[in-house]
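Please read the structure below before turning to the comments.
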Amino acid sequence: MTSVAVADSLSTRRTGSLAKTMDEVRALVWRNLSHIPRMPERLADVTVMPVMFVILFGYVFGSAIVIPGMEMSPESSAAYREFLIGGIFVQSVVFMCITTAVGVVNDMKEGVIDRFRSLPISRVSVLLGRAIASLVEGSLGIFVMAICGLIVGWGAHNGFGNAVAAFALLAGIAFAMICIGIFVGQLVKNPMSAQAIGFTLIFPLTFASNAFVPTDNMPGPLKVFSEWNPVSAMVQAVRELFGNLPPGTPVPDAWPLQNPVLATVIWIVVFAVIGMTLAVRKYARGRDQ
Amino acid sequence: MRANSHSGSGSELAVEAIDLRRSFGETKAADGISLTIPRGMVFGLLGPNGAGKTTTVRILTTLLRPDSGVARVAGFDVTEEPDEVRRRIGLVGQYASVDEIISGRQNLILIGRLYGMTSSQAKRRADELLERFDLLEPGKKAVKTYSGGMRRRLDLAASLVVSPSILFLDEPTTGLDPNGRAATWDVISTMTKGGTTVLLTTQYLEEADRFAEKIAVIDHGRVVAEGSPAELKARLGRSTLVVHLGGGLTEGAATAAVTRFAASAPQRRGDELVVSIDDLAGTAELIKALGAAGATLDQIHIAKASMDDVFFELTGRDRMPEGKAA
Ligand SMILES: Nc1ncnc2c1ncn2[C@@H]1O[C@H](COP(=O)(O)OP(=O)(O)O)[C@@H](O)[C@H]1O
Ligand SMILES: [Mg+2]
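The listed protein sequences derive, respectively, from chains A and B.
Residue numbers 0 to 288, in numbering that gives the first Met the number 0, belong to the letters of the first sequence in order.
Residue numbers 0 to 325, in numbering that gives the first Met the number 0, belong to the letters of the second sequence in order.
So, in structure tokens, the structure goes:
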């Protein structure tokens, strides 16, 4: 009885209509989030890892790193941690690309995607459902990071509005990276290669940037690369909005670092549009094409 | 709307495929497959591993685009109007297509929600199906803890969340142990009794023979024979006449008698002589000659063709070893 009634109502609801797509996305977000209680270790990437980086850089390497314009002292170590947190914020959202790709590879492997593809649902629903669920996980990671930052002495010193803007920017970066991750996840055959591709691309991008150390003392070509590296603009934007740079800190003379918020917004749009377009196209074509 | 949107529900053919082709690199997985399945029929697609069954099913269920050829399912073109097709089909793929991490019940609810049911409708439907497929208890547990047979039943349930008008079952029992297979067969027989059109693929002759009203045998991406199980057996599987040697019947006399009337050379199998026979008249002559050579009636018997013989004749391959997962 139920099934007949539903089959009837189905024919009146067009696949692809906004209301139906929203319903589908909601169901799929729910599905993805239902995975968390059953495998909480999946959250380790977004929670434990950033904390480890804070300890590693803030206390291990950080004890030997001095930011420009300061002498080595306990104050300079505290200032470095203040500097560092913005970098790790960005690093951890950029890494969402990898966690998402791994999640997508696992989905594709499971065959459950074949089920979704054979249902009368919009093509973007499955991808949007994944993106939004990943974004929720990423937000949890940002929250954990913020707490961790507050514990080690980091803070937002530029007013409530700018702090909100910084978090919004981080969420935007996470979303763009998730879009890329959804595409990459469909390209590769197993989680290991998703991880390998991710790390070989993302590690250099985060390390050859201002995330952990200022770019000023890098050798010529690396310095130029770092200044134009999207990660640097993102980190700079977050640091400025949170007010984590000591007043008068010199800003390298490169457009993205001089205009970091605008540059970051541009990067977000570029990555999100490219990632989403490729991801949707790949998904629409199917696994075997 | 298009004129054919209505022919969709009125059409007498549930599936109509014309010359479907699809290659993967050098492999011609589908090499000109044509099928017609009338509404309400249980149709068997029988073929050895690698014959192109899954490829055909994936094309018909809109998961794979053909390189060429046309397919209409429920009256709608699978490449032009995939969404209309998807509304009307249920698919049980060769490999479990459920979410392993969440529970069986959560899987069924998710599918209901994706079909546009409200949360409470979806829950009600999920519970009905869990009960019907004997999964109420395991329904609460994560699917990855399920046995192969339970997973298959969940997969079958998942394809019935809304009653499909055409159900595709791709090798539903491949890789199951005998218990799982028996349980799955029970489920399939209730499913096939409801008047739903079913396309069932299998490597097992027994399975095709058991469920299908009509069978297409495929091999190397081509349909090599088509008909009802009885027709195929009559047309292709030669019946055999078996002569038990001994008593007053020597091998020499029997061979001489048989060679004169049989269509093909007799074969020795232990202390039996096996001859394939084509028609009744020839068989009568044969029996008469054997009688003259000294055979008694209880030394002669006729074995009807089995699907195994048909399969062997068509594909030159023996039946697949039991339980060999693809
Ligand atoms: N995605 C694919 N990539 C490459 N080859 C494939 C793919 N899918 C199927 N094939 C090949 O096509 C042939 C038919 O496969 P399939 O349709 O799965 O056969 P069956 O389901 O009858 O066992 C096989 O030789 C198989 O290896
Ligand atoms: Mg197959």
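We put the beta carbon where it would ideally sit given N, CA and C, even for glycine.
With 7 Å as the threshold, decide whether the Cβ of residue i is near any Cβ in chain A.
i: Thr55 (chain B); result: no
i: Leu59 (chain B); result: no
i: Ala141 (chain B); result: yes
i: Val97 (chain B); result: yes
i: Arg86 (chain B); result: yes
i: Arg104 (chain B); result: no
i: Arg112 (chain B); result: yes
i: Glu80 (chain B); result: no
i: Leu155 (chain B); result: no
i: Gly179 (chain B); result: no
i: Leu90 (chain B); result: yes
i: Tyr94 (chain B); result: yes
Of all the CB atoms in chain B, is at least one closer than 7 Å to the CB of residue i?
i: Leu277 (chain A); result: no
i: Gly219 (chain A); result: no
i: Leu149 (chain A); result: no
i: Ser121 (chain A); result: no
i: His34 (chain A); result: yes
i: Glu226 (chain A); result: no
i: Val290 (chain A); result: The displayed coordinates of chain A run from 0 to 288. Any statement about residue 290 (chain A) would go beyond what the structure contains.
i: Leu126 (chain A); result: no
i: Val111 (chain A); result: yes
i: Leu139 (chain A); result: no
i: Arg116 (chain A); result: yes
i: Arg37 (chain A); result: yes
i: Glu40 (chain A); result: no
i: Glu23 (chain A); result: yes
Let me check one thing: in DSSP terms, what residues is residue i bridge-paired to?
i: Gln266 (chain B); result: B:Val273
i: Ala141 (chain B); result: B:Ser102
i: Thr360 (chain B); result: Summary: the structure shown does not reach residue 360 (chain B), with chain B confined to residues 0 through 325, and so no result is reported for it.
i: Lys213 (chain B); result: B:Phe42
i: Ser72 (chain A); result: Partner(s): none; Ser72 (chain A) has no beta bridge.
i: Ser238 (chain B); result: B:Ile276
i: Glu225 (chain B); result: B:Ala215
i: His300 (chain B); result: B:Val241
i: Leu248 (chain B); result: B:Gly245
i: Ile17 (chain B); result: B:Val69
i: Leu12 (chain B); result: B:Pro37
Reducing DSSP to helix, strand and coil, say where residue i ends up.
i: Ala29 (chain B); result: strand
i: Lys188 (chain A); result: coil
i: Ser67 (chain B); result: strand
i: Ser22 (chain B); result: strand
i: Ala278 (chain A); result: helix
i: Pro203 (chain A); result: helix
i: His243 (chain B); result: strand
i: Pro220 (chain A); result: helix
i: Thr35 (chain B); result: strand
i: Val212 (chain A); result: coil
i: Val161 (chain B); result: coil
i: Val264 (chain A); result: helix
i: Leu244 (chain A); result: coil
i: Leu256 (chain A); result: helix
i: Leu62 (chain B); result: coil
i: Leu135 (chain B); result: coil
i: Val50 (chain A); result: helix
Would you report the Cα separation of residue i and residue j, rounded to the nearest angstrom?
i: Ile36 (chain B); j: Val72 (chain B); result: 9 Å
i: Ser4 (chain B); j: Ala210 (chain A); result: With a pLDDT of only 40 at Ser4 (chain B), under the threshold of 50, the placement of this residue in the model should not be trusted, and no figure is reported.
i: Pro171 (chain B); j: Ala141 (chain B); result: 21 Å
i: Asp106 (chain A); j: Ile112 (chain A); result: 6 Å
i: Val273 (chain B); j: Leu45 (chain B); result: 27 Å
i: Asp270 (chain B); j: Phe311 (chain B); result: 24 Å
i: Leu313 (chain B); j: Phe210 (chain B); result: 20 Å
i: Ala50 (chain B); j: Gly220 (chain B); result: 6 Å
i: Lys281 (chain A); j: Leu244 (chain A); result: 42 Å
i: Glu205 (chain B); j: Val309 (chain B); result: 12 Å
i: Leu256 (chain A); j: Ile267 (chain A); result: 15 Å
i: Ala167 (chain A); j: Thr98 (chain A); result: 20 Å
i: Leu155 (chain B); j: Arg87 (chain B); result: 16 Å
i: Ile58 (chain B); j: Met190 (chain B); result: 23 Å
i: Leu240 (chain A); j: Ala162 (chain A); result: 6 Å
i: Thr263 (chain A); j: Gly274 (chain A); result: 16 Å
With a floor of 3 residues, list each beta strand (DSSP E) that falls wholly inside the segment 73-129 of chain B, ordered by position along the chain.
88-91
Unbroken stretches of the alpha helix (DSSP H), 4 residues or longer, contained in the segment 93-120 of chain A
95-109 and 111-116
Curious, which full-length beta strand (DSSP E) runs of at least 3 residues does the segment 145-189 of chain A contain?
none
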